[in-house]
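Heads up: the structure comes next, in structure tokens.
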DNA sequence: CCAAAAGTGTTATTGATACACCCATGC
DNA sequence: GCATGGGTGTATCAATAACACTTTTGG
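Chains as they are written, first to last, in the numbering used here: chain U, 2 to 223; chain D, 2 to 223.
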């Protein structure tokens, strides 16, 4: 409890965010270009130091809001990275979160802050600062795993959506085509969806029924 | 990066450990009695501050070794808790790990250190210090979930074991009886096991074949 | 009438569940 | 010979996978 003990570490604590969206049949991740050393000029996951009185999740939400303007997206703690040498200067422990945002909710493709931000293909990212490539890979794996057994994919869709849109989200995440009939059967059998009653007749083809997600499942331990 | 900014937090960083074993058909967790304030005299999860140059996992392993003498047990990061008020004195962020130890490996039921340590039934714990009841509940849920789809239960068994022992581990974790024939069929079909060739003829009944676990699966994202 | 996506069922295969008796040993 | 746990197979049911054509709209 006494911080003056020489052997104890008082690391900096940051929160980093792996922010996904699906756009143009691609899983994309938001990156920011670092203005300062270390790794000045390189792309990195958005993040920041924990503020006084702020919970970890609040910090993650703050970062998300600063970079995208979005507040109420799906957010989940991912993992905590704390290797002694992961920051070349001070010891930094970072609690990482991953978040899902529907592409349609992003008013601006970039940021409302001065710093440079941009979307990249998540599975083929550039060389990132720190251990951020590792963190990103970890997040992609988690997303894929959860897509298999949870309703997490709904975080990437707007309120009302077509079943085909939903299917495409799954196909992009899992990187494999799915059978249309089996997909619809299974997804409707889960009871996660209801028809909104509205239809989307915007395309040059047969109009589609719109569905919405009923409610998030209770969070498991995971 | 500059710690003098008034709004940044420099929380203490600890590692806490949820150490499980299965003994006497019970899922048990290791607790230590706190010697100091806050919560002096109350039971708590074993843990400690991060030391200089020590990775998070090393810290967890150190705590485990200090309390049990065991080094090479299954260890996995669980979750990071950092609510601003979770420690009544300083702001503390704790990275929690959960570990599995075969009962047979525990030479001493308690500790080799002075502090008082003891095993408790994990699903009916006493009132714990800090937010440790919540952490323990989280760990139990994770363990149950992983028992359903992973080979994690092997962390609770010695090198060589009978299928009945293995089944009992699952039954204790999942809190439900399993059908013997179906269990054996499924578990052998996974390919996780081989017969050691040895048999256990120690009981007053028909001798049992001994099996061992082949290799740990590749770690997923969890 | 052509292009484009929406919508819809059946069969085969696979995996999960339910269920009861004989075997080998120690005492 | 009795108590104790070890060991084995089959039939049913549920879930998953494979597979192709018709419908409705806009242009």
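From the three backbone atoms N, C-alpha and C, an ideal C-beta is built for every residue, glycine too.
Backbone CA spacing between residue i and residue j [nearest angstrom]
i                     : j                     : result
residue 80 (chain D)  : residue 94 (chain D)  : 11 Å
residue 14 (chain U)  : residue 56 (chain D)  : 14 Å
residue 1 (chain U)   : residue 164 (chain U) : Nothing in the structure corresponds to residue 1 (chain U), since chain U is present only between 2 and 223.
residue 162 (chain U) : residue 170 (chain U) : 11 Å
residue 200 (chain D) : residue 211 (chain D) : 5 Å
residue 11 (chain U)  : residue 132 (chain U) : 20 Å
residue 18 (chain U)  : residue 64 (chain U)  : 7 Å
residue 166 (chain D) : residue 42 (chain U)  : 57 Å
residue 26 (chain D)  : residue 207 (chain D) : 21 Å
residue 103 (chain D) : residue 37 (chain U)  : 49 Å
residue 53 (chain U)  : residue 86 (chain D)  : 11 Å
residue 90 (chain D)  : residue 101 (chain U) : 35 Å
residue 188 (chain U) : residue 180 (chain U) : 12 Å
residue 128 (chain U) : residue 178 (chain U) : 29 Å
residue 204 (chain U) : residue 105 (chain U) : 17 Å
residue 209 (chain D) : residue 44 (chain U)  : 59 Å
Beta-carbon proximity check, residue i vs residue j, cutoff 8 Å
i                     : j                     : result
residue 28 (chain D)  : residue 20 (chain D)  : no
residue 146 (chain U) : residue 137 (chain U) : no
residue 74 (chain D)  : residue 16 (chain D)  : no
residue 198 (chain D) : residue 96 (chain U)  : no
residue 107 (chain U) : residue 23 (chain U)  : no
residue 40 (chain D)  : residue 140 (chain D) : no
residue 215 (chain D) : residue 195 (chain D) : yes
residue 186 (chain D) : residue 118 (chain D) : no
residue 50 (chain D)  : residue 9 (chain U)   : yes
residue 152 (chain D) : residue 193 (chain D) : yes
Nearest neighbour of residue i, chosen from the options [CA to CA]
i                     : options                      : result
residue 149 (chain D) : D:172, D:11, D:136 and D:36  : D:172
residue 98 (chain U)  : U:48, U:52 and U:116         : U:48
residue 134 (chain U) : U:46, U:8 and U:103          : U:46
residue 1 (chain D)   : D:215, D:159 and D:193       : Residue numbering for chain D in the displayed model covers 2 to 223; residue 1 (chain D) lies beyond these limits and cannot be assessed.
residue 182 (chain D) : D:168, D:193, D:35 and D:176 : D:168
residue 33 (chain U)  : U:193, U:126 and U:204       : U:126
residue 154 (chain U) : U:50, U:90, U:89 and U:76    : U:76
Under 7 Å from the C-beta of residue i: neighbouring residues of chain U
i                    : result
residue 81 (chain D) : 57, 78, 81 and 96
Contact list for residue i against chain U, beta-carbon separation under 8 Å
i                    : result
residue 11 (chain D) : 11, 13 and 14
residue 8 (chain D)  : 52 and 53
Under 7 Å from the C-beta of residue i: neighbouring residues of chain D
i                    : result
residue 84 (chain U) : 56
Identified DSSP bridge partners for residue i
i                     : result
residue 82 (chain U)  : U:95
residue 151 (chain U) : Per DSSP, none; premise fails for residue 151 (chain U).
residue 34 (chain U)  : U:44
residue 201 (chain D) : D:209
residue 21 (chain D)  : D:30 and D:101
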